[in-house]
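Here's the structure, in structure tokens; my notes come after.
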Amino acid sequence: MPLEHHQPDGLGKARRLNFFGTPIDLLSLEESVSLAERAMERREPMRHTALNVAKLMKLGSDDDLAADVRGSDMIGIDGQGIVYGLKLFGAHDVERVAGIDLFYALLARCAQTGRKPFILGAKEEQLRKAMAEAQRRWPGLEFAGARNGYFGPQDEAEIVERIASSGADCLFVAMPTPRKERFLNGNADRLNVPFLMGVGGSVDVLAGHVSRAPVWMQKVGLEWFHRLVKEPRKMFVRYAKSNSAYTWLLLRTWISGRKPIEFPIAS
């Protein structure tokens, strides 16, 4: 069954489709920023998820993660592998909007508009370095607050209350999958923050603790390989398993002639 057309106000090209049962919004970086800014301006809740191959492949075996991801208000394409898969099966105007690029763009916009972000996650040292670097890059940026990601279930209610009373306009959660998705979806109604986004390891990159792949590697979809070289112990199993499983999924779907994309109805 076709999907309803997904067209946010003022974003004529914005649309949503389903890919292997998971909604994806075909948005540019500029459109993504505009949607986030509108949510902050109106104080309307919006939860963003950045989707890459590793996360997509986890959805089939993790029902909680699947519910967290598929229930998001905005699901952006974080991985080049998703772009290739969508194009293989006929999607057009597909653009990767890396989560880290959206994170940086929103920090820059907060500095310009006076809005205040809250960052939750990462190690304390890296978190403080990232905040200092953000304020160096984007003068005028003020944070509503920050908290490292090392806490247990017994601390969660206090942390949620701290965020809710901070006056933050946006919350960036720098924790791994599925922990960040579970925190955001499970607490969205209590956080009192309009724009919510998981940013994973982006805080470590901003802090200078982890390097990002060169632009040419990002463009051709080899950012995962750069991370594998830099963090082999952490990334080998993740990428070896998810990338091979995804490639096999695309291949057998292509051979079968099945259509894994549900396109929106044109308005």
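Residue numbering for the sequence shown follows numbering that gives the first Met the number 0, starting at 0 and increasing by one per position. Just so it is clear, CB atoms sit at the ideal spot from N, CA and C, and this is done for glycine as well.
Since I believe residue j is in contact with residue i (beta carbons under 8 Å), could you give me their beta-carbon distance rounded to a whole number of angstroms?
i, j, result
"residue 68", "residue 74", "7 Å"
"residue 192", "residue 170", "4 Å"
"residue 19", "residue 55", "7 Å"
"residue 259", "residue 14", "Rounded, the Cβ-Cβ distance is 17 Å, inconsistent with contact."
"residue 35", "residue 87", "Actually they are not in contact, since the Cβ atoms of residue 35 and residue 87 sit about 29 Å apart, beyond 8 Å."
"residue 177", "residue 64", "4 Å"
"residue 229", "residue 243", "Not a contact, Cβ separation roughly 20 Å."
So, are the CB atoms of residue i and residue j less than 8 Å apart?
i, j, result
"residue 76", "residue 96", "yes"
"residue 199", "residue 173", "yes"
"residue 98", "residue 133", "no"
"residue 33", "residue 94", "no"
"residue 142", "residue 117", "yes"
"residue 115", "residue 168", "yes"
"residue 222", "residue 212", "yes"
"residue 185", "residue 148", "no"
Tell me the DSSP secondary structure of residue i in three-state form.
i, result
"residue 39", "helix"
"residue 261", "strand"
"residue 112", "helix"
"residue 246", "helix"
"residue 47", "strand"
"residue 145", "strand"
"residue 275", "Residue coverage of the chain in this structure runs from 0 to 266, which leaves residue 275 outside it and unanswerable."
Near residue i, what residues of its chain come up, given a Cβ to Cβ distance below 6 Å and the 5 sequence neighbours on each side ignored?
i, result
"residue 110", "137, 139, 140"
Out of the options, point me to the one whose CA is closest to residue i's CA.
i, options, result
"residue 24", "206, 187, 71, 210", "71"
"residue 113", "232, 209, 40", "40"
"residue 204", "127, 162, 156", "127"
"residue 135", "124, 107, 78", "107"
"residue 189", "44, 37, 38, 22", "44"
Got a sec? Which residues, its chain only, sit under 7 Å from residue i by beta carbon, not counting five neighbours each side?
i, result
"residue 183", "46, 172, 195, 197"
"residue 165", "117, 143, 144"
Sorted by chain position, which residues of the same chain lie with C-beta nearer than 8 Å to residue i's C-beta, five sequence neighbours on each side aside?
i, result
"residue 245", "52, 55, 56, 80, 84"
Counting only beta-carbon separations shorter than 8 Å, does residue i have a partner in chain D?
i, result
"residue 252", "Chain labels in this structure do not include chain D; a single protein chain is all it has."
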